[in-house]
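*Asks:*
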Amino acid sequence: MIKEQLNVLIQLAASDSSVAENEAKLIRMIGISNGVSKEEVDEMLKNPTQPIGDLSTLTDDQKFEHLYHVVQMMKVDGQVFKSEIVFCEDIASRLGYKTGVIAELSSKIYSDPSITSDREALKKKAQKYLK
Numbered sequence: 195m196i197k198e199q200l201n202v203l204i205q206l207a208a209s210d211s212s213v214a215e216n217e218a219k220l221i222r223m224i225g226i227s228n229g230v231s232k233e234e235v236d237e238m239l240k241n242p243t244q245p246i247g248d249l250s251t252l253t254d255d256q257k258f259e260h261l262y263h264v265v266q267m268m269k270v271d272g273q274v275f276k277s278e279i280v281f282c283e284d285i286a287s288r289l290g291y292k293t294g295v296i297a298e299l300s301s302k303i304y305s306d307p308s309i310t311s312d313r314e315a316l317k318k319k320a321q322k323y324l325k
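With our numbering applied, the sequence shown corresponds to residues 195 to 325, in that order.
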């Protein structure tokens with residue numbers, strides 16, 4: 195499960211043609227905090243072409259965590275590209291959310307991972323967008 199989530203984040207980071215160092219740092223932090231070694235994460239970062247698997251089988255909590263990290267990744271380099279927004283909306287849709295959830299969460303999730311948002315409040319907002 196966590197490797198699939200990391201793969202999605204890596205795909206997003208690479209969607210603007212390069213993985214910025216702060217994007218790679220966030221991906222490593224998420225991976226390591228979920229039991230994936232730094233070496234494994236670095237190997238995944240070198241090969242960002244794994245296809246994204248079926249996300250519809252995740253629990254609601256897993257879907258929200260996925261969504262949260264995708265939005266955070268989109269914002270972490272301080273620039274948001276149209277390609278990243280489109281990618282996030284596609285992932286939201288694959289997770290079973292209406293695409294408007296990205297705009298809703300984007301305004302409330304910070305690019306700095308040390309600033310935490312009220313995840314429970316965000317989860318409640320996101321639930322309204324489930325299809």
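For every residue, glycine included, the Cβ atom is placed at its ideal position computed from N, Cα and C.
1) What is the DSSP secondary structure of Y304, reduced to helix, strand or coil?
2) Check the DSSP bridge columns for L324 and list the partner residues they point to.
3) Can you tell me whether DSSP reads Q205 as helix, strand or coil?
4) Skipping 5 residues on each side, what residues in its chain have a beta carbon closer than 6 Å to that of I208?
5) List the endpoints of the continuous alpha helix (DSSP H) containing Q273.
6) For D271, does the count of other Cβ atoms within 10 angstroms reach 16, so buried, or fall short, so exposed?
7) Whose CA, out of K219, I224, Q199 and Y304, lies closest to the CA of Q244?
8) Using 8 Å as the threshold, is the segment 284 to 291 in touch with the segment 226 to 234, meaning 3 or more CB pairs across them?
9) Residue range of the alpha helix (DSSP H) that A218 falls in?
10) Given that a residue counts as buried once 16 or more other Cβ atoms are within 10 Å of its Cβ, and exposed if not, what is V265?
*Replies:* Reading it off the structure:
1) coil
2) Y291
3) helix
4) The question names Ile, but residue 208 in the sequence shown is Ala. So the list reads P242, once near-sequence residues are dropped.
5) Taken as a continuous stretch (DSSP letters only), Q273 belongs to no alpha helix (DSSP H), as it is neither H nor E.
6) buried
7) Q199
8) no
9) E215 to S227
10) buried
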